[in-house]
Amino acid sequence: MAVAAVWAAPVAAQDPSRDADAASGSSMDLRTIAEAIDPLAQASDSEAAWQAVLDALRAEGGPVAEQAVALNRIGDARYYQQNFAGALETAKAALALLEETGETEGEAMAESLANAAVFYSVNGQSEYELPYQERSLAIRKRLYGEDPSVLDPPAAKALGLGYVNYASALYENGRFAEAADLVEPSIQGMVRGEVTDATLFVAMSSGANMLADAGRAAESLDLAQRGVVVATELLPPDHPFIGFAQATLAKILLQADRYEEAEEPARRALDIMTEKLGPDHRNTLTAMHNLGVIAAALGRHEDALALTLGRYETMAEADPGEGVISLVTASNVATEMGNSEQSLSLARQAAALAETLPEDNAKAARGLETLAMRLDEMGDYSGALELIDDVIARRQKASGDAIDPASQLHKGLLLLRLEDREAGWPLVQQGLDVLEADLVELASQAEIGGELSSYYEVLTQVAEAAIIAGEPDTALRAFELASWGVNARARQFVTLRAQSAADPALAALVDTFQNGRSRLRLLNRERAALLARDDIEAAAEREREIATETERVASARTQLAANIDDFDRWLRPEMPSVADLQARMGSQDALLVAMPARHRTFVLAITQDGVAMHEATLARSEVRRLVDTLRASLEVPNAQSAFPVEAAVALHDAILPPDIAALLADKSHVALVTSDALSRLPFGILLPAADQKDLREMDWLARHHAFSIALTPSDAFRKEREISRIRSFLGVGAPILTVEADAAIKGATLYRNGKVDPADLRTLPALPETANEVAQVAASFAGTDASLILLGEDATEPRVRTASATQPDIILFATHGLLGGEMGGLREPALVLTPPDLVDDPTNDGLLLASEIAQLGFAARFVVLSACNSAAGRAETSPPYTGLANAFLGSGSETLMLSHWRVRDDAAARLTIETTRRVSAGIAPSVALQQAQLSLMADESMPGSAHPATWAPFVIIGE
30 MAVAAVWAAP VAAQDPSRDA DAASGSSMDL RTIAEAIDPL AQASDSEAAW
80 QAVLDALRAE GGPVAEQAVA LNRIGDARYY QQNFAGALET AKAALALLEE
130 TGETEGEAMA ESLANAAVFY SVNGQSEYEL PYQERSLAIR KRLYGEDPSV
180 LDPPAAKALG LGYVNYASAL YENGRFAEAA DLVEPSIQGM VRGEVTDATL
230 FVAMSSGANM LADAGRAAES LDLAQRGVVV ATELLPPDHP FIGFAQATLA
280 KILLQADRYE EAEEPARRAL DIMTEKLGPD HRNTLTAMHN LGVIAAALGR
330 HEDALALTLG RYETMAEADP GEGVISLVTA SNVATEMGNS EQSLSLARQA
380 AALAETLPED NAKAARGLET LAMRLDEMGD YSGALELIDD VIARRQKASG
430 DAIDPASQLH KGLLLLRLED REAGWPLVQQ GLDVLEADLV ELASQAEIGG
480 ELSSYYEVLT QVAEAAIIAG EPDTALRAFE LASWGVNARA RQFVTLRAQS
530 AADPALAALV DTFQNGRSRL RLLNRERAAL LARDDIEAAA EREREIATET
580 ERVASARTQL AANIDDFDRW LRPEMPSVAD LQARMGSQDA LLVAMPARHR
630 TFVLAITQDG VAMHEATLAR SEVRRLVDTL RASLEVPNAQ SAFPVEAAVA
680 LHDAILPPDI AALLADKSHV ALVTSDALSR LPFGILLPAA DQKDLREMDW
730 LARHHAFSIA LTPSDAFRKE REISRIRSFL GVGAPILTVE ADAAIKGATL
780 YRNGKVDPAD LRTLPALPET ANEVAQVAAS FAGTDASLIL LGEDATEPRV
830 RTASATQPDI ILFATHGLLG GEMGGLREPA LVLTPPDLVD DPTNDGLLLA
880 SEIAQLGFAA RFVVLSACNS AAGRAETSPP YTGLANAFLG SGSETLMLSH
930 WRVRDDAAAR LTIETTRRVS AGIAPSVALQ QAQLSLMADE SMPGSAHPAT
980 WAPFVIIGE
């Protein structure tokens with residue numbers, strides 16, 4: 030990518046007057062015309078105009094420095110036309126002219142060196158790039174000093190350009206940390222230099238990329254968003270620089286684990302650049318790669334592979350480092366697709382290309398590291414170790430003595446595989462300590478995705494190492510960290526608030542802190558979405574709200590730290606030992622942790638008197654395939670199609686091998702901690718043997734265990750969550766909808782002109798049975814102090830908001846649950862209520878959004894969402910329980926009963942009624958649900974009751 034000096038053209042692109050007088054005018058007049066032309070959007074016109082300037086200067090015997098500037102501008106225009114050889118020719122000419130006349134210490138020489146550095150690089154002669162940029166910056170430091178903040182504007186701008194050019198060269202050579210350290214003086218120089226054209230935007234976007242790849246995520250996102258604002262204010266909507274700004278925003282959101290938010294700006298960037306720059310331009314190819322990475326993160330692997338390989342084929346020769354990155358991504362995608370042969374082949378290509386790069390190049394290290402992973406996955410531990418040692422040496426050379434904790438940890442794992450525990454285990458422990466500290470620090474940043482999913486894979490490596498080493502406490506620690514998402518962190522503050530209840534002022538501070546952090550995440554998501562749509566005014570309003578909320582959260586934290594001993598422990602994951610968990614358990618309790626990784630699935634089981642660990646050879650791609658097979662039979666059951674028994678048995682055998690099955694055999698209650706596709710499936714439908722035909726008689730796991738979901742291992746077996754005296758009940762259901770019951774939900778466009786369309790909302794299928802369901806559940810709690818039922822015309826957002834203020838102990842929503850993206854315009858999960866005739870208030874549009882639920886602060890003892898898809902995220906790659914579950918858990922509700930798929934109206938009513946009746950009688954929710962499931966399964970009077978699609982949709986979270 031060209032450096033800022035190349036992009037530093039005035040932005041107000043105009044069509045210059047080309048009458049005869051102007052064409053024959055002075056060089057000054059011609060320069061005025063040339064400077065009015067956008068070198069990127071009108072590159073050929075720009076080249077012709079600057080050639081006219083150069084010709085006039087030569088005819089006039091004009092200053093050599095000005096002739097060099099004209100040559101540089103011609104080079105810029107040729108670069109943007111991808112005439113890289115022609116661009117380099119002009120840069121060489123500028124340098125030769127200045128050297129011939131001895132003008133080698135001025136600004137023109139500094140600029141010419143910077144341009145030549147870029148043009149040498151894009152012509153495959155990257156060895157010139159760094160030394161030429163070093164010389165350029167050295168000249169500017171001799172001219173202006175080192176601190177742009179104390180200079181007058183022209184000097185500050187020139188020095189800022191020098192810093193950003195040198196930083197870009199460091200970045201292109203894989204020296205990310207050094208490049209990131211120069212971002213601040215670069216931007217200081219631009220601002221101090223009163224730069225108001227695209228140069229400032231380019232410096233911001235380039236700097237954001239540098240900060241991101243140096244691991245400084247929050248700083249990079251702030252700068253990327255500022256870059257979008259500057260570009261949008263200065264340029265027309267379809268200008269190529271707008272595409273670059275959106276591409277940078279997409280990349281930074283991607284690296285902050287905010288995958289879904291990244292997709293919109295990534296697609297827009299690719300569309301703009303393809304149209305304006307052409308499909309083979311390097312900026313277009315970068316946008317293509319980013320979209321491929323996003324597609325992979327969202328589970329669209331075929332698209333991802335096509336995009337990343339398409340970029341590699343065009344990019345590898347011009348930029349081997351970026352070719353390595355494309356191959357690395359493609360190799361990882363092929364692994365997720367279960368294509369190990371292709372994955373290994375791509376990794377070998379990446380490593381071979383990496384060997385052509387300098388030893389301190391970070392991109393080269395990534396290529397070698399990826400091949401090490403593939404060799405590890407195929408069992409060649411010695412070959413993988415040799416490569417990891419090379420990676421560690423390269424990264425130490427680039428960054429001094431610091432050792433990357435992930436590489437250190439991988440080396441320790443490989444040594445354990447090679448039976449060298451003495452050397453390997455300390456490396457695993459040291460790497461884990463560093464990773465935990467980094468993860469906790471990132472968790473405090475509202476700009477970062479709440480699930481911190483980029484840490485997941487390396488933490489499963491820790492679990493793998495602990496299983497090999499026979500260290501269950503470390504395996505438990507790794508699983509705790511891997512599952513410590515936004516819901517788990519919110520649960521910790523629910524506990525803190527309960528402990529602070531005796532001091533209302535302290536409890537209010539806890540609420541301010543936790544609710545403020547949740548709101549900051551929401552505001553940051555909204556700001557990014559608004560910037561992706563060029564709504565700068567609304568984005569600026571969100572930025573002001575973010576600043577205000579940040580101050581409130583910081584103030585609350587300061588006060589909490591002053592009033593609560595070791596307050597920071599509430600900002601870290603709880604780390605119980607195996608013995609700690611065993612002390613909480615009853616004789617009938619068990620904990621089962623199962624997490625799929627790229628090449629294996631790792632399992633930990635703990636009971637009051639035992640522990641077992643296991644690594645199954647089932648790769649994540651195969652787990653997803655099996656879960657998809659089972660879900661297909663559950664979401665749309667077909668009487669003509671047999672239940673996929675083999676898939677249920679395969680998953681059972683991977684997760685419950687003989688030693689773990691024996692440990693759990695007599696345990697009536699099992700708390701589950703799962704991730705990825707396993708969180709989309711109720712374990713009660715798994716089967717221990719394939720020789721079963723009759724659905725009603727099959728030996729489902731639901732016959733042996735009552736299952737509940739724990740967000741993390743430390744979240745399990747909390748005695749304070751036992752549901753005791755129930756004082757109040759709220760039931761909501763039977764919203765007024767017009768389509769016949771049991772009709773399919775179709776993809777209507779719920780939002781028109783930014784508002785919900787009530788007519789489309791009413792086309793969802795009616796739910797007549799839910800009125801009776803709510804009434805019968807309410808009857809189970811007839812002895813409560815207060816009971817409120819909202820049905821039909823009363824089931825509206827305003828009535829629900831009013832009811833939330835009473836903080837009911839038991840809540841039932843018997844209505845549709847929608848996933849974000851399930852219907853047109855719906856960006857987040859929602860519960861369907863009765864819509865008004867006319868929507869003039871977003872807080873009364875018939876959709877109770879997840880973000881609105883979180884703001885209502887429901888802190889119920891037990892919440893039942895008798896609605897379809899209330900447990901799930903959007904896709905198999907979504908973090909577990911981030912749909913509607915997220916909203917209720919984050920607002921303080923303790924135990925939830927949610928569904929994994931669309932529930933048949935009569936079955937949902939029966940399961941809900943029977944479960945809540947048992948809960949009202951003092952039975953634990955997981956046992957109450959199990960008993961209701963077995964009762965329904967045995968009832969031959971209800972058609973289809975033996976199929977798990979009917980009896981198995983609900984799960985209990987947080988018992």
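Count the sequence shown with the numbering used here and you get residues 30 to 988, in order.
Every residue gets a Cβ at the ideal spot worked out from N, C-alpha and C, and that includes glycine.
The structure displayed is predicted, hence computed values, not measured ones.
- Query: From F439 to V893, what does the alpha carbon distance come to, in whole angstroms?
  - Reply: Indexing the sequence shown from 1 puts residue 439 at position 410. Indexing the sequence shown from 1 puts residue 893 at position 864. Reading off the sequence, residue 439 comes out as His, not Phe. If I take the Cα positions, the gap works out to 43 Å.
- With DSSP as the reference, label P266 as helix, strand or coil. For this step, residue 266 is matched to residue 237 along the sequence shown. It is coil, neither helix nor strand.
- Message: Spatial neighbours of G307 within its chain, please: C-beta separation below 7 Å, excluding the five flanking residues on both sides.
- Response: Stepping through the sequence shown from its first residue, residue 307 is reached at position 278. Counting only Cβ-Cβ distances below 7 Å, and skipping sequence neighbours, we find T313.
- Message: Given this structure, state the Cα-to-Cα distance separating I738 from L715, to the nearest angstrom.
- Response: Along the sequence shown, read from residue 1 onward, the residue named residue 738 stands at position 709. Along the sequence shown, read from residue 1 onward, the residue named residue 715 stands at position 686. Looking at the two C-alpha atoms, the distance is approximately 16 Å.
- Message: Per the DSSP calculation, D618 is bridged to which residue(s)?
- Response: As a first step, residue 618 is located in the sequence shown; it is residue number 589 there, counting from the start. Beta-bridge pairing links D618 to H698.
- Message: Since A246 and I477 should fall inside the 8 Å C-beta cutoff, what is the C-beta to C-beta distance between them, to a whole number of angstroms?
- Response: Residue 246 sits at position 217 when you count from the first residue of the sequence shown. Residue 477 sits at position 448 when you count from the first residue of the sequence shown. The pair is a contact, with the Cβ atoms about 6 Å apart (cut-off 8 Å).
- Task: Alpha carbon to alpha carbon, how far is L334 from Y341? Give it in angstroms, no decimals.
- Result: The count along the sequence shown starts at 1 and reaches residue 341 at position 312. The count along the sequence shown starts at 1 and reaches residue 334 at position 305. About 11 Å.
- Expressed to the nearest angstrom, what Euclidean distance is found between the alpha-carbon atoms of F758 and G987? As a first step, residue 758 must be located in the sequence shown, where it is residue number 729. As a first step, residue 987 must be located in the sequence shown, where it is residue number 958. Each residue's Cα considered, the two are about 19 Å apart.
- At which residue ranges does the region 678 to 733 contain complete beta strand (DSSP E) runs of 3 or more residues, listed in the order of the chain? 698 to 703
- Query: So, do the region 486 to 504 and the region 441 to 448 have three or more beta carbon pairs nearer to each other than 8 Å?
  - Reply: Judged by Cβ distances under 8 Å, the region 486 to 504 makes contact with the region 441 to 448, as three or more pairs qualify.
- Query: Could you give the C-beta distance for G545 and R581, rounded to a whole number, given that I count them as a contact under 8 Å?
  - Reply: Indexing the sequence shown from 1 puts residue 545 at position 516. Indexing the sequence shown from 1 puts residue 581 at position 552. The Cβ separation is near 5 Å, so the contact holds.
- Message: For the beta strand (DSSP E) containing T945, name the first residue and the last one.
- Response: Indexing the sequence shown from 1 puts residue 945 at position 916. Here T945 belongs to no beta strand (DSSP E); instead the alpha helix (DSSP H) covers D934 to S949.
- Query: Nearest-angstrom Cα distance between T799 and S529?
  - Reply: Position 770 of the sequence shown, counting from 1, holds the residue named residue 799. Position 500 of the sequence shown, counting from 1, holds the residue named residue 529. So the two alpha carbons sit approximately 38 Å from each other.
- Task: For T996, name the three-state secondary structure that DSSP assigns.
- Result: The question about residue 996 has no answer, for the chain in this structure spans 30 to 988.
- Measure the Cβ-Cβ separation of A279 and V257 and say whether it is below 8 Å. Reading the sequence shown from its first residue, position 250 is the one you call residue 279. Reading the sequence shown from its first residue, position 228 is the one you call residue 257. In this structure, V257 does not lie closer than 8 Å to A279 by Cβ.
- Message: Using a Cβ-Cβ cutoff of less than 7 Å, which residues in the same chain neighbour L188 once the five nearest sequence positions on both sides are dropped?
- Response: By one-based count along the sequence shown, residue 188 stands at place 159. So the qualifying residues of the chain are R169, Y173, P177, L180 and G218.
- Item | Inter-residue Cα distance where the pair is S249 and T119 | Taking the sequence shown and counting its residues from 1, one reaches residue 249 at position 220. Taking the sequence shown and counting its residues from 1, one reaches residue 119 at position 90. Straight-line Cα distance between these residues: approximately 34 Å.
- Item | Start and end residues, beta strand (DSSP E) containing T924 | Within the sequence shown, numbered from 1, the residue matching residue 924 stands at position 895. Segment T924 to S928, the beta strand (DSSP E) holding T924.
- Query: Which residues in the same chain have their Cβ closer than 6 Å to the Cβ of S25, if we skip the five residues on either side of it in sequence?
  - Reply: Outside the shown range of the chain, which is 30 to 988, sits residue 25, and nothing can be said about it.
- Message: If you follow the beta strand (DSSP E) that S155 is in, where does it begin and where does it stop?
- Response: Counting from 1 along the sequence shown, the entry for residue 155 is found at position 126. No beta strand (DSSP E) contains S155, which DSSP labels as neither H nor E.
- Query: Whole alpha helix (DSSP H) runs in the region 788 to 861 with 4 or more residues, listed along the chain?
  - Reply: 798 to 809 and 826 to 833
- In angstroms, rounded to a whole number, what distance separates the CA positions of P269 and Q71? Translated into the one-based positions of the sequence shown, residue 269 becomes position 240. Translated into the one-based positions of the sequence shown, residue 71 becomes position 42. Using only the alpha carbons, I get a separation of about 11 Å.
- Message: Using a Cβ-Cβ cutoff of less than 8 Å, which residues in the same chain neighbour Q959 once the five nearest sequence positions on both sides are dropped?
- Response: In the sequence shown, the residue the question calls residue 959 occupies position 930. Only G713, A731, H734, A735 and F736 meet the Cβ criterion.
- Message: I'd like to know whether the C-beta atoms of R933 and T979 end up nearer to each other than 8 Å.
- Response: Taking the first residue of the sequence shown as position 1, residue 933 is located at position 904. Taking the first residue of the sequence shown as position 1, residue 979 is located at position 950. Yes, the Cβ-Cβ distance between R933 and T979 is below 8 Å.
- Does the distance from the C-beta atom of H698 to that of D638 stay below 8 Å? Within the sequence shown, the letter at position 669 stands for residue 698. Within the sequence shown, the letter at position 609 stands for residue 638. No, Cβ-Cβ distance for H698 and D638 is not below 8 Å.
- Message: How far does the alpha helix (DSSP H) with L876 in it extend, from its first residue to its last?
- Response: The count along the sequence shown starts at 1 and reaches residue 876 at position 847. First-last for L876: L876 to L878, but that is the beta strand (DSSP E), not the alpha helix (DSSP H).
- On the premise that L878 lies in contact with V761, defined as a C-beta separation below 8 Å, what is that separation, rounded to the nearest angstrom? By one-based count along the sequence shown, residue 761 stands at place 732. By one-based count along the sequence shown, residue 878 stands at place 849. Contact doesn't hold; Cβ gap of about 15 Å is too wide.
- Item | Backbone secondary structure at V984 - three-state DSSP | For the purposes of this step, residue 984 is identified with residue 955 of the sequence shown, where counting begins at 1. Judged by DSSP in its simplified three-state form, V984 adopts strand.
- Classification of K722 by the beta-carbon crowding that lies within 10 angstroms, buried from 16 upward: Along the sequence shown, read from residue 1 onward, the residue named residue 722 stands at position 693. Exposed: under 16 other Cβ atoms inside 10 Å.
- Exposure of E470, with buried meaning 16 or more beta-carbon neighbours within 10 Å: In the sequence shown, residue 470 corresponds to position 441, counting from 1. It is exposed - the Cβ of E470 has fewer than 16 other Cβ atoms within 10 Å.
- Assuming A106 contacts S141 (C-beta within less than 8 Å), just tell me the rounded distance between them. Sequence index remark: in the sequence shown, residue 106 carries index 77 (1-based). Sequence index remark: in the sequence shown, residue 141 carries index 112 (1-based). Not quite, the Cβ-Cβ distance comes to about 15 Å (not below 8 Å), so this is no contact.
- Item | Contact belief for L847 with A859 at Cβ below 8 Å, rounded distance in angstroms | The sequence position of residue 847 within the sequence shown is 818, counting from 1. The sequence position of residue 859 within the sequence shown is 830, counting from 1. That belief holds up - the Cβ atoms of L847 and A859 are roughly 5 Å apart, short of 8 Å.
- Counting along the chain, where does the beta strand (DSSP E) carrying V892 start and finish? Position 863 of the sequence shown holds residue 892. Element bounds for V892: F891 to L894.
- Whole-angstrom Cβ separation of V861 and T844, contact assumed at under 8 Å? One-based indexing of the sequence shown puts residue 861 at position 832. One-based indexing of the sequence shown puts residue 844 at position 815. Indeed, because the Cβ distance is near 5 Å, the residues count as touching under 8 Å.
- Item | Same chain only: Cβ atoms within 6 Å of A41, ignoring 5 sequence neighbours per side | Walking along the sequence shown from the start, residue 41 turns up at place 12. Its pLDDT being 27, under 50, A41 is placed unreliably in this model, and the coordinates cannot settle the point.
- Among all the DSSP beta bridges, which residues are the ones paired with A645? Taking the sequence shown and counting its residues from 1, one reaches residue 645 at position 616. Bridge partners of A645: T630.
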